[in-house]
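Using the numbering used here, the letters of the sequence shown correspond one by one to residues 6 to 344.
Positions of the beta carbon are idealized from the N, C-alpha and C atoms, including for glycine.
From a predicted model like this one, the values you see are computed outputs, not experimental measurements.
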Amino acid sequence: MLRAGELVAFPTETVYGLGGDATNTSAIAKIFALKGRPASNPLIVHIASIASFSNVADLSNSTIRDRLEALHPFWPGPLSVVLPKKQNITSAVSAGGDTIAVRIPRHPVALALLKAAAIPIAAPSANPSGYVSPTTAVHVYESFGSAAPFILDGGACEVGIESTVVSLVDAEVTVLRPGAITVAMLEKVFGKVAVVSKSFTSEKELLLSPGQLASHYAPRTPVYFLSDIDPTTLRGRIGCISFSTFRPLPEIEFAALTTLSDSGKHTEIAENLFAALRAQDKLDLDCIVVDACEDIGLGAAIMDRLRRATTGRFQHTNRIDFKKPSPSHSTFSDPDIVK
Ligand code: TXA
Ligand code: MG
6 MLRAGELVAF
16 PTETVYGLGG
26 DATNTSAIAK
36 IFALKGRPAS
46 NPLIVHIASI
56 ASFSNVADLS
66 NSTIRDRLEA
76 LHPFWPGPLS
86 VVLPKKQNIT
96 SAVSAGGDTI
106 AVRIPRHPVA
116 LALLKAAAIP
126 IAAPSANPSG
136 YVSPTTAVHV
146 YESFGSAAPF
156 ILDGGACEVG
166 IESTVVSLVD
176 AEVTVLRPGA
186 ITVAMLEKVF
196 GKVAVVSKSF
206 TSEKELLLSP
216 GQLASHYAPR
226 TPVYFLSDID
236 PTTLRGRIGC
246 ISFSTFRPLP
256 EIEFAALTTL
266 SDSGKHTEIA
276 ENLFAALRAQ
286 DKLDLDCIVV
296 DACEDIGLGA
306 AIMDRLRRAT
316 TGRFQHTNRI
326 DFKKPSPSHS
336 TFSDPDIVK
């Protein structure tokens with residue numbers, strides 16, 4: 006199907022991807038159309054082995070080649086690198102630009118698919134543009150319904166959040182999107198790396214990584230950090246996503262309470278986060294309140310995704326007015342505990 010220019014959704018260790026032949030302009034056009042993705046936002050190309058980097062990237066620059074070589078131990082794994090693009094890759098993949106993001110996923114189904122197809126596969130996360138990334142095959146199906154592509158079901162994704170994106174083409178090695186390959190791991194390799202700051206709003210940042218729009222990863226239900234709200238003003242059906250068994254706001258009866266990890270372990274929080282956001286987004290809640298963690302290591306990637314969720318463009322109806330005093334009676338319905 007991939008060789009015939011069709012799309013195939015497949016599991017990776019991070020999230021499910023919506024794959025198409027990276028050398029086929031019409032396959033790439035199908036990806037953008039199905040996702041409703043802006044043509045200005047480039048895709049990540051997936052390859053099966055280190056040897057294949059030279060099929061998709063121009064490695065004539067020795068500094069870039071050396072940087073790439075230093076990262077070999079991270080593959081297969083949740084790391085994407087931005088490199089100069091080779092001519093044979095359609096510029097639709099790179100949104101017209103002359104660089105290309107590439108990674109070798111470590112999920113056995115993804116690797117088997119890449120080897121069998123024997124082509125580079127461009128694959129963004131398999132969700133409509135701007136919505137939460139899918140971490141199960143069912144999430145992919147729910148996102149696209151009757152328009153869903155062929156889906157390879159490889160179970161739930163182990164990492165649960167998208168790959169770290171690192172640019173090797175800038176003056177300094179630069180982290181464009183935090184992920185499971187952390188800044189500390191990269192600094193062990195390179196000494197010091199630059200990190201694109203966390204506000205995601207400046208024009209410079211959008212140019213650096215066009216896909217890093219603030220509205221990414223947002224459920225339709227408004228999402229707020231627990232630390233940003235005045236609990237006395239909460240009313241309606243409130244969902245809560247907590248990072249550990251510590252239960253926040255004991256005075257509030259949540260309509261849904263999801264615990265991502267018994268012990269607050271970052272790997273478990275990342276693994277379960279998107280499924281929890283999707284599950285609570287289906288419950289017709291007035292808002293979802295979420296926990297926070299320290300902004301280091303994998304925690305930085307978790308907080309990055311949550312900051313985007315809390316500023317998402319899908320927050321069209323803010324049904325909670327935090328400025329008004331809370332009503333004297335509670336309107337909470339029976340709790341629906343989702344674990
Ligand atoms: O974990 C992942 O990376 C998943 C799985 C399927 O591999 N894919 C994924 O793709 O998250 P997507 O398209 O949802 O996110 C790709 C990110 C976007 O932020 C995009 O702007 C950035 O990578 N990107 C892609 N090509 C780029 C380039 N040439 N320069 C800078 N950023 C680039
Ligand atoms: Mg995405």
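Are the beta-carbon atoms belonging to residue i and residue j less than 7 Å from one another?
i	j	result
Leu-231	His-271	no
Ser-172	Leu-181	yes
Pro-83	Thr-104	no
Ala-117	His-51	no
Ala-281	Val-228	no
Ser-148	Phe-279	no
Leu-311	Gly-244	no
Val-200	Ala-75	no
Leu-7	Ala-53	no
Pro-183	Ala-106	no
Gly-159	Pro-47	no
Ile-246	Val-198	no
Ser-134	Lys-40	yes
Straight-line CA distance for residue i to residue j?
i	j	result
Ile-124	Val-86	18 Å
Ser-99	Pro-110	19 Å
Arg-283	Gly-241	19 Å
Leu-212	Val-170	Confidence at Leu-212 is low in this model, with a pLDDT of 47, below 50, so the placement of that residue is unreliable and no value is reported for it.
Asp-267	Glu-276	13 Å
Glu-258	Ala-62	54 Å
Ala-152	Ile-49	22 Å
Pro-340	Gly-165	Note on Pro-340: pLDDT 32, under 50, position unreliable in the model; the coordinate value appears next. Approximately 27 Å between the Cα atoms of the pair.
Thr-250	Met-308	19 Å
Ser-45	Ala-97	9 Å
Gly-22	Thr-68	30 Å
Leu-157	Thr-19	15 Å
Thr-237	Cys-292	14 Å
Leu-239	Asp-233	12 Å
Thr-226	Thr-316	11 Å
Glu-273	Glu-192	24 Å
Ser-59	Arg-252	50 Å
Gly-269	Phe-248	5 Å
Where do the ends of the alpha helix (DSSP H) carrying residue i lie?
i	result
Ser-410	Here the chain has residues from 6 to 344 only, and residue 410 is not among them.
Val-61	58 to 61
Asp-235	Neither: Asp-235 is in no alpha helix (DSSP H) and is coded neither H nor E.
Arg-310	303 to 315
Arg-108	Per DSSP, Arg-108 belongs to no alpha helix (DSSP H); it is in the beta strand (DSSP E), 104 to 108.
Thr-30	30 to 40
Ser-67	67 to 75
Throw me the rounded Cβ distance for the residue i and residue j pair, which I believe falls under 8 Å.
i	j	result
Val-145	Ala-14	5 Å
Leu-288	Pro-154	Contact doesn't hold; Cβ gap of about 27 Å is too wide.
Ala-161	Thr-187	About 22 Å; that fails the 8 Å criterion.
Ile-55	Thr-95	Actually they are not in contact, since the Cβ atoms of Ile-55 and Thr-95 sit about 23 Å apart, beyond 8 Å.
How is the beta strand (DSSP E) around residue i delimited, first residue to last?
i	result
Val-13	13 to 15
Asp-26	22 to 26
Pro-347	Absent from the structure is residue 347, since the part of the chain shown begins at 6 and ends at 344.
His-51	49 to 51
Ile-243	243 to 247
Thr-179	179 to 182
Leu-254	Here Leu-254 belongs to no beta strand (DSSP E), and DSSP marks it neither H nor E.
Can you tell me whether residue i is buried or exposed, with buried defined as 16 or more other CB within 10 angstroms of its CB?
i	result
Val-343	Bear in mind that a pLDDT of 33 at Val-343, under 50, signals an unreliable position, so the number given afterwards is only what the model happens to contain. Val-343 should be labelled buried.
Asn-93	exposed
Pro-224	buried
Pro-255	exposed
Thr-263	buried
Leu-42	The question names Leu, but residue 42 is Arg in the sequence shown. When all chains shown are included, Arg-42 counts as buried.
Asp-286	buried
Ser-130	buried
Between residue i and chain D, is the shortest Cβ-Cβ distance under 7 Å, so that the two count as touching?
i	result
Ala-281	Any reference to chain D falls outside this structure, which holds one protein chain only.
Let me check you understand the geometry: is the CB of residue i closer than 6 Å to at least one non-hydrogen atom of the ligand HEM?
i	result
Pro-110	Among the ligands in the structure shown, the ligand HEM does not appear; only the ligand TXA and the ligand MG can be found there.
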